[in-house]
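Below: the structure, in structure tokens.
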Amino acid sequence: MEAQDEFELNEEELFEHHSFTASKGQDPLRIDKFLMNFIENATRNKIQQAAKDGNVWVNGAIVKQNYKVKAGDHIRVMFAHPPHENLLTPENIPLDIVYEDDVLLVVNKPAGMVVHPGHGNYSGTLINALIYHVDNLPKNSDERPGLVHRIDKDTSGLLVVAKTEAAMTHLAKQFFDKSSEREYIALVWGNVEEDTGTIEGHIGRNPKNRLQMQVFPEGEQGKEAVTHYMVLERLGYVTMLACTLETGRTHQIRVHLKHIGHTLFNDERYGGEKVLKGTTFTKYKQFVDNAFKILPRQALHAKTLGFVHPVSGEFMRFDSEIPEDMANCIEKWKQYSKHSQAE
Numbered sequence: 079m080e081a082q083d084e085f086e087l088n089e090e091e092l093f094e095h096h097s098f099t100a101s102k103g104q105d106p107l108r109i110d111k112f113l114m115n116f117i118e119n120a121t122r123n124k125i126q127q128a129a130k131d132g133n134v135w136v137n138g139a140i141v142k143q144n145y146k147v148k149a150g151d152h153i154r155v156m157f158a159h160p161p162h163e164n165l166l167t168p169e170n171i172p173l174d175i176v177y178e179d180d181v182l183l184v185v186n187k188p189a190g191m192v193v194h195p196g197h198g199n200y201s202g203t204l205i206n207a208l209i210y211h212v213d214n215l216p217k218n219s220d221e222r223p224g225l226v227h228r229i230d231k232d233t234s235g236l237l238v239v240a241k242t243e244a245a246m247t248h249l250a251k252q253f254f255d256k257s258s259e260r261e262y263i264a265l266v267w268g269n270v271e272e273d274t275g276t277i278e279g280h281i282g283r284n285p286k287n288r289l290q291m292q293v294f295p296e297g298e299q300g301k302e303a304v305t306h307y308m309v310l311e312r313l314g315y316v317t318m319l320a321c322t323l324e325t326g327r328t329h330q331i332r333v334h335l336k337h338i339g340h341t342l343f344n345d346e347r348y349g350g351e352k353v354l355k356g357t358t359f360t361k362y363k364q365f366v367d368n369a370f371k372i373l374p375r376q377a378l379h380a381k382t383l384g385f386v387h388p389v390s391g392e393f394m395r396f397d398s399e400i401p402e403d404m405a406n407c408i409e410k411w412k413q414y415s416k417h418s419q420a421e
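Residue numbers for the sequence shown follow our numbering, so the first one is 79 and each next one is one higher.
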């Protein structure tokens, strides 16, 4: 299902289920045969499927099922869910709940909160808070309680959470059918010349940097992704945009905007933490550094979320305030832009 592409993972977000180091006397052997010798109750089909899904790693890189294991190879089998369900511990973490009824809730996630447990983030996540707040949340296809979609750790904004199996199915289908409504506010480097536009380009994992996604020529690799944007305000060396999603690929807005030459302001993973536009004056560099301090994350907020209620059939739309750190940064750029124009 297309909506689940929002759960595409990198190594940081995977859990290690098995780990082996091939012995010095190991003759070359297909990895699916090798793993059958080490994993109890594993079938060759299951191992081959795990390899196809990118869950088998050798020496830090994903391999296919026909990879031949050599002496000294370090093999890891990684999955999106923890090997022991008790890693999902309910935690009494305050939630900003915008709306809640018997079948769903809408939460306004703060920047800095990880959505689901993963490597290095086993507690303090949105899921830890949700399973404390709601008993028996249904699991999505990745075994994650309640999650219909997700947003990145340092992106703030609205998420809908399903409280029943029926609501999960109904809401996931809306994301798959592209009938849900999602609008983000973004602050990007540079002057976006067109008032409105659509960015289309297949998105997939960057083969040289597994922590990044990238746009690929259509048909080569990656999956279809479509982002629409509208200029809200031009502020000299940066532009404020409203972005709406048709698809839900990992890092979609971040990657698409970088692709057209307008990287998100202070998006460290994609190079937006450098001064990408502007003058060479020291005073300007100090201004930008101060803006980075005010907003120590990528300038992206999931502002509006709309969907049809799974039970009532009513279309519901929720809107959230731009958080203080991002609002202050935008205001700083507005003042700078006015001052520059006055000069």
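Glycine residues also receive a C-beta, built at the ideal position from the N, C-alpha and C atoms. Keep in mind that this is a model prediction, so the values were computed, not measured.
- With a cutoff of 8 Å on beta-carbon distance, Val185 and Val239 are scored as near each other.
- In the structure shown, the three-state DSSP call for Asn206 is helix.
- When C-alpha distances from Asn269 are compared across Phe343, Asn214 and Thr233, the shortest belongs to Phe343.
- Here His152 is exposed: its Cβ has fewer than 16 other Cβ atoms, across all protein chains shown, within 10 Å.
- The Cβ-Cβ distance between Leu182 and Pro374 does not fall below 8 Å.
- Listed as beta-bridge partners of Asp397 by DSSP are Thr382.
- Cβ-Cβ separation between Phe93 and Met191: approximately 19 Å, too far for a contact (criterion under 8 Å).
- In this structure, Pro168 places its C-beta atom within 8 Å of the C-beta atom of Tyr210.
- Within 10 angstroms of the beta-carbon of Ser390 lie fewer than 16 other beta-carbons, which makes it exposed.
- Along the length of the region 81 to 158, whole beta strand (DSSP E) runs at least 3 residues long occupy 93 to 99, 134 to 136 and 152 to 157, reported in chain order.
- In this structure, Arg122 keeps its C-beta atom at 8 Å or more from the C-beta atom of Trp135.
- Taking C-beta atoms as the reference points, Val366 and Leu319 fail to come closer than 8 Å.
- Scanning Arg283, Lys217 and Gly339 for the CA closest to the CA of Ile277 turns up Gly339.
- In this structure, Leu236 lies near Val176, with their beta-carbon atoms less than 8 Å apart.
- Remark: C-beta atoms of Gly150 and Lys102 approach each other more closely than 8 Å.
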